[in-house]
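Each remark here refers to the structure printed beneath this line.
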Amino acid sequence: MAAQFFYCIQCHKKYPTHQKLFDTLYNFSKTAPEACPACGATRDLHVSLDFQLGAGDSDYKVVSALLPDKLESWLGEEEEEVTFYPFLVVLETSGGKQFCWMPYWHVTGREARYGQHAVCLEQRQFESLMAQVQEKLPEPA
Ligand SMILES: [Zn+2]
Numbered sequence: 001m002a003a004q005f006f007y008c009i010q011c012h013k014k015y016p017t018h019q020k021l022f023d024t025l026y027n028f029s030k031t032a033p034e035a036c037p038a039c040g041a042t043r044d045l046h047v048s049l050d051f052q053l054g055a056g057d058s059d060y061k062v063v064s065a066l067l068p069d070k071l072e073s074w075l076g077e078e079e080e081e082v083t084f085y086p087f088l089v090v091l092e093t094s095g096g097k098q099f100c101w102m103p104y105w106h107v108t109g110r111e112a113r114y115g116q117h118a119v120c121l122e123q124r125q126f127e128s129l130m131a132q133v134q135e136k137l138p139e140p141a
């Protein structure tokens with residue numbers, strides 16, 4: 001499981017978010033983390049993942065967490081509304097390498113169910129795929 005914490009860029013204190021990963025990413029997609037209560041400096045959001053991206057650590061700075069402008073909802077089992085939250089999260093290693101991580105959840109009522117097997121690609125690979133999508137789009141009339 002992923003663990004997430006706020007990390008003060010000045011005094012280097014770590015603060016566990018005490019939230020579920022979904023809530024942490026959702027909040028981060030809406031507003032920047034509050035300043036460090038100890039020194040008032042900016043805090044970054046970090047996640048520790050249970051998979052490694054290349055050599056070294058498994059602690060990543062969350063550069064951005066994005067959701068599509070319009071979310072898809074439908075009626076699931078028992079006529080409950082289900083909403084799909086496909087995140088695009090840009091992660092950065094301590095070495096400055098960026099990855100595009102795409103965890104997703106299905107939210108029913110107050111329950112957020114985590115879709116496993118989220119894809120995580122190095123940014124250049126992700127951009128290569130997106131560029132190919134753009135190439136295949138029909139020219140605007
Ligand atoms: Zn601080």
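Here our numbering is used: the first residue of the sequence shown is 1, the next is one more, and so on. For every residue, glycine included, the Cβ atom is placed at its ideal position computed from N, Cα and C.
Distance between Trp105 and Gly115 (C-alpha atoms, nearest Å): 5 Å
DSSP-derived helix/strand/coil call for Gln10: coil
Candidates Leu121, Lys13 and Lys30: closest to Asp69 by CA position: Lys30
Is the CB-CB distance between Ser94 and Asp50 below 9 Å? no
Determine the closest residue to Pro37 out of Tyr15, Leu45, Phe22 and Tyr26, with distance taken between C-alpha atoms. Tyr15
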